[in-house]
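Residue numbers (the numbering used here), protein chains in the order written: chain D, 466 to 580; chain S, 275 to 382.
The block underneath contains the structure these notes are about, expressed in structure tokens.
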Amino acid sequence: EPEVTQTPSHQVTQMGQEVILRCVPISNHLYFYWYRQILGQKVEFLVSFYNNEISEKSEIFDDRFSVERPDGSNFTLKIRSTKLEDSAMYFCASSAQGAMRYEQFFGPGTRLTVL
Amino acid sequence: KNEVEQSPQNLTAQEGEFITINCSYSVGISALHWLQQHPGGGIVSLFMLSSGKKKHGRLIATINIQEKHSSLHITASHPRDSAVYICAVLQGAQKLVFGQGTRLTINP
């Protein structure tokens, strides 16, 4: 069964550094998303991406954050100048087109720890 | 006020019991998801529904659009059902808004 994959599973970085979280969505999906979950809190929407541009973003997604689809298979989230409060689990998701775009499939997550 | 409220926040039951988790929302939605999150953190989609009822194995999900309420039921619960169950509503076509989750523990 096709699935969303994410790498790395765990990323540790120093405050102020840049990190790139990588996702490979399901191959025929056209809509891509990033969510985050701070430990002990609920999952929060960060950004949605379609047709090589951001469709919607939340207040969390400030100018330190960027997303990119560098090739036909990867979808990345870059965080510049990381802060302690960026420490969280980051989930990538994807959905198909048409009526099926309402159903999102999640990756296993990347746990980001900023020291 | 949270846009998506779940109850209870924590639920402990004995193996075999019938489980109900409730979700109420205050915004217009395109669809509602029930998700399962295990201790490792990964999220698995259980159901997506926009009306009526869906059943998969021992899991049943219902939604009442007029009352803005959904329920997730687990019949003949088993310790392996222990997880956090999350209700999330789809606003528009893309943005999921999540509830805080219900931590379910099933004791043998």
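Ideal Cβ positions, reconstructed from N, Cα and C, are used throughout, including at glycine.
Identity of the residues DSSP links to GLN476 of chain D by a beta bridge
For the purposes of this step, residue 476 of chain D is taken as residue 11 along the first sequence, with counting starting at 1. In DSSP, GLN476 of chain D forms a bridge with D:LEU577.
Could you name each continuous beta strand (DSSP E) segment of 3 residues or more that falls completely within the segment 503-557 of chain D, going from the start of the chain to the end?
509-515, 518-522, 530-533 and 540-544
Cβ atoms of SER559 of chain D and VAL469 of chain D: under 8 Å apart, would you say?
Working through the first sequence from its first residue, we reach residue 469 of chain D at position 4. Working through the first sequence from its first residue, we reach residue 559 of chain D at position 94. The answer is yes: Cβ separation under 8 Å.
Below 8 Å between beta carbons is the criterion; list the residues of the segment 364-380 of chain S that meet it against any residue of chain D, in chain order.
LEU364, GLY366, ALA367, GLN368, LYS369, LEU370, VAL371, PHE372, GLY373, GLN374 and GLY375
Using a Cβ-Cβ cutoff of 9 Å, what residues of the segment 295-320 of chain S are near chain D? List them in chain order.
SER304, ALA305, HIS307, LEU309, GLN311, GLY314, GLY315, GLY316, ILE317, VAL318 and SER319
Is there at least one Cβ from chain S nearer than 8 Å to LYS507 of chain D's Cβ?
Here residue 507 of chain D is taken as the residue at index 42 of the first sequence, counted from 1. So yes, LYS507 of chain D belongs to the interface.
DSSP three-state label for GLY290 of chain S, please.
For the purposes of this step, residue 290 of chain S is taken as residue 16 along the second sequence, with counting starting at 1. GLY290 of chain S carries a coil assignment under DSSP once its states are collapsed to helix, strand and coil.
If contacts are defined as beta-carbon pairs under 8 Å, then GLN365 of chain S and VAL301 of chain S qualify, I think. What distance do you get, rounded to the angstrom?
Along the second sequence, read from residue 1 onward, the residue named residue 365 of chain S stands at position 91. Along the second sequence, read from residue 1 onward, the residue named residue 301 of chain S stands at position 27. Contact flag correct, Cβ pair sits at about 6 Å.
Quick one: Cα of ILE503 of chain D to Cα of VAL532 of chain D, how far?
Residue mapping note: residue 503 of chain D aligns to position 38 of the first sequence, counting from 1. Residue mapping note: residue 532 of chain D aligns to position 67 of the first sequence, counting from 1. Distance between the alpha carbons of ILE503 of chain D and VAL532 of chain D is about 20 Å.
In the DSSP assignment, the beta strand (DSSP E) including LEU486 of chain D goes from what residue to what residue?
Locating residue 486 of chain D in the first sequence gives position 21, counting from the first residue. 484-489 is the span of the beta strand (DSSP E), which, as asked, contains LEU486 of chain D.
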